[in-house]
Amino acid sequence: MNVKKLTWYRIKKVIPILIATAFISSVFGNGCSQLKVDDSQQGALCSADNVTVQAIEDTLTASVVSGTNIIDNLKRCTQYSSYYEQESQDLLEAKARRDASFPEFGSVTEITGPMMMGVVDIAGTICADLIDANADLFQPTDDDTISALSLSCWGYNADSEERNEILNAISDLNSEQAKLFICTSILSSTSAVVQ
-4 MNVKKLTWYR IKKVIPILIA TAFISSVFGN GCSQLKVDDS QQGALCSADN VTVQAIEDTL
56 TASVVSGTNI IDNLKRCTQY SSYYEQESQD LLEAKARRDA SFPEFGSVTE ITGPMMMGVV
116 DIAGTICADL IDANADLFQP TDDDTISALS LSCWGYNADS EERNEILNAI SDLNSEQAKL
176 FICTSILSST SAVVQ
């Protein structure tokens, strides 16, 4: 099987899991984390009400949540660099594909739909790379994997509701798909993004 067919096969295999993960992440388990839904933010899914940002007249606000920051955070919390000296070709392609999802300018306190889809794509690619590398963060049981990833990427252990939502969602998946779903769900939540 050549590289192009292998990559396409891998993408087709991951797409349904990424879609399900995006849904679970946005509806359950830290869909808006410390942020709240705010209809006044034009196009934003979530916004923070406890953040004070002083605007400078006649200037654009530089976005604090950039693609580079998010990718660095996700790689750091999963210890990606322990398994790969350089980013994989799949991750480089995901970054290039989703570069426009992370705006250069915008509200410091908002997370948009395109931004979250970019996070899910990149998180799924990082997780697939870590599965391929047999990363240590994938524990013998799914419950232990949830604990390890949530502690590392959220800064706290998943509570019983978050844990049950993930475990219920993976009940019909094979081991590799379950690992991918758990990892992508945790990494694509806003708790992981704003860490």
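The sequence shown begins at -4 in the numbering used here and counts up by one.
The beta-carbon is built from N, C-alpha and C at its ideal position, and this holds for glycine as well.
Inter-residue spacing [alpha-carbon to alpha-carbon] between residue i and residue j
i	j	result
TYR151	ILE141	11 Å
ASP67	ASP167	32 Å
LEU144	ARG92	26 Å
GLU80	ASP139	26 Å
Continuous alpha helix (DSSP H) stretch holding residue i: start and end
i	result
THR140	137 to 149
LEU162	155 to 164
VAL115	108 to 127
CYS188	At residue 188 the sequence reads Val, which differs from the Cys that was named. 185 to 188 is the span of the alpha helix (DSSP H), which, as asked, contains VAL188.
Nonlocal neighbours in the same chain, by C-beta distance under 6 Å from residue i, ignoring five residues either side
i	result
SER96	PRO109, MET110 and GLY113
Residue j beta carbon less than 9 Å from that of residue i
i	j	result
THR185	ALA118	no
ASP85	ASP124	yes
LEU182	LEU87	no
LEU132	SER147	yes
ILE248	TYR75	Summary: the structure shown does not reach residue 248, with the chain confined to residues -4 through 190, and so no result is reported for it.
ALA130	SER77	yes
Which of helix, strand or coil DSSP assigns to residue i
i	result
ASN64	helix
LEU87	helix
ASP167	coil
PHE176	helix
TYR78	coil
LEU182	helix
ALA130	coil
Sequence-distant residues of the same chain with beta carbon closer than 8 Å to residue i, five excluded per side
i	result
ALA173	ASP137 and ILE165
Neighbourhood of residue i by C-beta, 7 Å cutoff - its chain only, sequence neighbours within 5 removed
i	result
ALA89	ASP116, ILE117 and THR120
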